[in-house]
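In my numbering, the protein residues as written are 4 to 123.
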Amino acid sequence: MSLAAKLIAQDLFTSSHEIALTEFPLHLGRGAEADVQVGDRWVSRDHCEIDCVDDVLLVRDLGSKHGTFVNGRSVLEAELRPGDLLNIGISRFVVQYEPTATRYDPAATRVPRQEAVLVS
């Protein structure tokens, strides 16, 4: 994994203002077993997981009571892009990283349709 990513806390519930994302998957939650502990009573003990697949960050809700939100939208699983706002409980984080992977665009690889030519 060559992605240098971090979460920038926008509140006072996390012990560190910047959270380096270096090992994946990374669990965020209120419980002692969470990789990143968030002292927000609205955060579940094991709230969500951040993973990196092909240098793309993904967040996955782990059945939290109050949900996981990306840019204000409730998600079960979603891609995290640079500048996205991740909300768990009432805690907010800004996602920072330089994307290194070229995103797959099926339209870019589509072969143009050709007309059939009848040969007599």
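Glycine included, every Cβ here is placed at the ideal spot set by N, Cα and C. It should be emphasised that the depicted structure is a prediction, and the values quoted were computed from it without experimental measurement.
Nearest by alpha-carbon distance to residue i: which of the options is it?
i	options	result
W129	Q99, E101 and R95	Beyond the ends of the chain as shown, which are 4 and 123, falls residue 129; an answer cannot be given.
T25	D38, R76 and D14	D38
G92	A23, V59, Q40 and A8	Q40
F1	A81, V73, R33 and D54	Coverage of the chain is limited to positions 4 through 123, which leaves residue 1 absent and any answer about it impossible.
R33	I22, S67, V97 and R63	S67
Determine which residues share a DSSP beta bridge with residue i and list them.
i	result
D54	L61
Round the Cβ separation of residue i and residue j to the nearest angstrom and send it over; I've been treating them as touching at under 8 angstroms.
i	j	result
H30	D49	6 angstroms
L89	V62	6 angstroms
Using C-beta distances below 8 angstroms, list every residue in its chain close to residue i, excluding the 5 sequence neighbours before and after it, in chain order.
i	result
Y100	L6, A7, A8, K9, L24, L60 and P85
Excluding sequence positions up to five away, which residues of its chain have a Cβ less than 7 angstroms from the Cβ of residue i?
i	result
L65	D49, H50, C51 and E52
Q13	R95, F96 and V97
N74	D87 and L88
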